[in-house]
Amino acid sequence: MTLDDTQNPRQFLINKVLLDHRRDEDATVRKSLSYISGERVHKTMIYVGMATCGMIAGAKKTYQAIREYLGDHGIEATLVEGGCVGFCRMEPIVDIQLPGKARLSFGNITSDKVQALLDDVLNNNLPEQDPAGQYENPVLQRWEGVSPIHKHPFFAGQQRLIMDLCGVIDPVSIESYIAKGGYWAFTDTISAQTPAQVCKVIEDSGLAGRGGGGYPAGRKWLSALRAVSDSKYLVCNAVESDPGSYMNRAIIESNPHRLIEALLIGAYAIGAGKAFVFIREEFSLAIERLEEAIRQAREYGLTGHHILDSGVNIEISVKKGARAFVCGEETALNNSLEGKRAMPELKPPYPSEKGLWDHPTIVNNVETLFNVPLIMRNGADWFRNTGTEGSKGTKVFTLSGKLRNYGTVEVPMGTTFRDIVWKTGGGMAGEKDFKAIVLGINSGSYITGETLDTRVDFDELKKIGGALGSGAFVVLDTGVCMVDMARFFTAFFKNESCGKCIPCREGTARMLEVMDNAKRRPGESKSFQTLQRFKGVMQLKSLAGVIRETSLCSLGKSSPNAILNTLKHFKSEFDAHIFDRKCAANTCTDLRVFFIDVDACTGCTACFKKCPVDAIIGSPRYPHFIVQDKCIGCGTCFEVCKFNAVLIK
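The numbering used here numbers the first residue of the sequence shown as -6 and each following residue consecutively.
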């Protein structure tokens, strides 16, 4: 049986793939699926990376320019709004596949480059701008002289399990997802395995929660399955409010159907009839694509009542909420879902026993759930073969900071942080040296030059006093002040505190006062501030210890981590701020002292005119001077001086 023009694609896919499970044994079915999935094409197919990162880089204009080009030249081609392949530095990304030939991927295709690109490729010529690579396929003709995309330095060190279809398929086409193996795991699961067996497979796989805690997902599911209740719920936490992290949003925008399949499997495993995706309202594109995918799944009979005649009933809903860091804590998230203020609750009882509306509830984050269909399709042993002894599978990171290559990456557990920075990330951007990696604001962990060879592993990070975090991976160079970074962390936690418990609410405010004093240059008339600076720093460790031990939730407990880790790894910078009143990175404006070299000053008046507080005096063509009592250390004079006459003490 093959797919022809008279057949209903939905009926073909449901009957031949999902229900009959013929899969690769039938060559004609395999060939038909390759057309649906886009591996083969009858006419030219053009993909434009239209996830949020791509649109910020100008993908909308690129898409419009391609559409106008095709219309003006009367070319019949399929134009697809694709997802994010992860290589954000290469956006806007345009992939072109001609009938019978491999798919080419081009980066940084702004609207002005569209005509030249299409003029060449549509005439079977490689353009002057080299492609990033080609997607090799044994049944398609290769482009000579073009490397496979997986050998590109950015992709070579990655192992894409979760992100295998991101940027490859049409994110809002259920047909292409099914043709790539989507929903096979779910239909196999509900037809051949009991909920207890599903929980056991997840437990045997070694899948640990990717939200930062690393708790075994299978064990969590089993506790909910064993709980006695007339209603149970599964919740996906897609709030992702950690600064420097956006990988969950990117993979939802690029492959929303996998999240739906994961929710269906998870809900079946714990006996839940309702699943929720709790997502930030600002993630408009992710919400739009997710809701469209849910609508398609419902139309195909994959959600709702009596799914595929199995007797299984599961509904999936999207719940939009405001950005709130505290919603990363599962009990606070459940309160928000119920319409209450997002505040954490004491545990036990745990949500798996008493969660939403006092019923057993499982809360997993996006990355954790994305692994589930893969494990159920390929088996627990397959998943355990990737990673380390104590940490199985892969980890998705958002690479950002002072790197040549930045974006969303997926590496196998066990990869060293050095390899991620210098191989996948391409090394440091700019002339300054590496200083540290920040692994998410919720963990407050730093990887320094001494610990760069640490592997991505829950246990190894614990040994060095760190934590994996949720997925932020921010690389800092020597131009960053670590005291200022710790102050940023502390201010974030103070602003995001729900206010329920005193240690977090008041403790973070007191820590922020200490950090502000450390960054401030006390005036001569306020000598008591010097005592405040010394006293505050002396009490900082004990204050942090109290907050960590007595805060109600894990987020409050982690709020002092950044300060403690800064004191541990960069104590010399703290000492310089407190004792010498100097910032080595020259970024703390209150500690910068600017002066003018009278021998170099020409009296051009550039600094005089630009100073925002009139702290510079002098006459034209004569040396100028800075009044230190009025200077706020903004550095404007330093930036505008063309004669290098403004110096920093």
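Glycine included, each C-beta is placed from N, C-alpha and C at the ideal position. Quick caveat: nothing in here was measured; it's all calculated off a predicted structure.
Would residue i be called buried (16 or more neighbouring beta carbons within 10 Å of its own) or exposed?
i       : result
Ile39   : buried
Leu12   : Because Leu12 sits at a pLDDT of 48, beneath the cut-off of 50, its placement in the model cannot be relied upon, and the following sentence gives the value as read from the coordinates. With fewer than 16 Cβ atoms within 10 Å of its Cβ, Leu12 is classed as exposed.
Lys456  : exposed
Val591  : exposed
Ala286  : buried
His299  : exposed
Tyr615  : exposed
Thr483  : buried
Ala638  : buried
Gly67   : exposed
Asn241  : buried
Asn378  : exposed
Thr(-5) : Confidence at Thr(-5) is low in this model, with a pLDDT of 43, below 50, so the placement of that residue should be treated as unreliable; the coordinate-derived value is given next. Classification of Thr(-5): exposed, given that the 10 Å Cβ count is below 16.
Gln80   : First, the residue type needs correcting, since residue 80 is Phe and not Gln in the sequence shown. Buried: at least 16 other Cβ atoms inside 10 Å.
Pro188  : buried
Lys36   : exposed
Asp450  : buried
Pro344  : buried
Glu632  : exposed
Trp375  : exposed
Asn358  : buried
Asp17   : At Asp17, the pLDDT of 49 sits below 50, so the modelled position is not reliable; the number obtained from the coordinates is stated separately. So Asp17 ends up on the exposed side.
Val221  : exposed
Ser528  : The residue you asked about is not Ser; residue 528 is Lys in the sequence shown. Exposed, since its Cβ has fewer than 16 Cβ neighbours within 10 Å.
Among the options, which has the Cα closest to the Cα of residue i?
i      : options                           : result
Ile244 : Gly626, Ile167, Ala460 and Val78  : Val78
Asp88  : Phe572, Pro496, Leu283 and Pro124 : Pro124
Val311 : Leu256, Lys173, Ile300 and Asn558 : Leu256
Ala172 : Ile162, Phe179 and Asp181         : Ile162
Ala210 : His250, Phe363, Arg242 and Glu168 : Phe363
Ser166 : Gln289, Ala189 and Arg60          : Gln289
Leu445 : His66, Gly419 and Thr408          : Thr408
Ser247 : Met504, Cys600 and Gly42          : Gly42
Met504 : Gly304, Leu533 and Pro496         : Leu533
Lys642 : Cys576, Leu560 and Pro613         : Cys576
Trp350 : Trp375, Ser224, Ala185 and Gln190 : Ser224
Val507 : Phe179, Phe485, Ile556 and Lys36  : Ile556
Ile59  : Phe271, Ala50 and Leu72           : Leu72
Val713 : Asp450, Glu32, Arg411 and Leu154  : Outside the modelled stretch of the chain, which goes from -6 to 642, sits residue 713, for which no answer is possible.
Gln134 : Gln90, Gln621 and Pro164          : Gln90
Arg397 : Pro366, Gly423, Arg448 and Thr582 : Gly423
Glu254 : Leu367, Ala317, Ser547 and Gly100 : Leu367
Arg370 : Arg574, Trp177, Ala52 and Phe618  : Trp177
Return yes when the Cβ of residue j is within less than 8 Å of the Cβ of residue i, no when it is not.
i      : j      : result
Ala260 : Ile307 : yes
Glu382 : Val356 : no
Val431 : Val476 : no
Ala217 : Ile258 : no
Tyr439 : His250 : no
Ala373 : Ile309 : no
Asp463 : Gly205 : Here residue 463 is Ser; the residue named in the question, Asp, does not match the sequence. Going by C-beta atoms, Ser463 is nearer than 8 Å to Gly205.
Gln108 : Tyr62  : yes
Thr401 : Val389 : yes
Leu469 : Gly394 : yes
Thr103 : Leu301 : no
Tyr293 : Ala265 : no
Gly202 : Thr361 : yes
Ile195 : Val305 : no
Leu154 : Gly386 : yes
Gly348 : Ser329 : no
Glu84  : Ala50  : yes
Ala460 : Ile434 : no
Pro496 : Thr543 : yes
Thr447 : Phe410 : yes
Rounded to whole angstroms, how far is the Cβ of residue i from the Cβ of residue j, which I believe are closer than 8 Å?
i      : j      : result
Cys159 : Ser234 : Not a contact, Cβ separation roughly 22 Å.
Ala578 : Gly472 : 6 Å
Pro337 : Leu545 : 6 Å
Trp214 : Cys192 : 5 Å
Phe276 : Leu326 : At roughly 15 Å, the Cβ-Cβ gap does not stay under 8 Å, so Phe276 and Leu326 are not in contact.
Val404 : Gln151 : 6 Å
Ser238 : Thr45  : With a Cβ gap of about 13 Å, Ser238 and Thr45 do not count as contacting.
Taking 8 Å as the cut-off, does the segment 115 to 124 touch the segment 82 to 101 (at least 3 CB pairs, one atom from each stretch)? Three or more beta-carbon pairs separated by less than 8 Å link the segment 82 to 101 to the segment 115 to 124, which places the two stretches in contact.
Would you call the segment 400 to 420 and the segment 528 to 539 touching, i.e. three or more CB-CB distances under 8 Å? no
Cβ contact (3+ pairs, closer than 8 Å) linking the segment 142 to 156 and the segment 335 to 351: no
Could you tell me whether the segment 622 to 629 touches the segment 582 to 599, where touching means 3 or more Cβ pairs closer than 8 Å? yes
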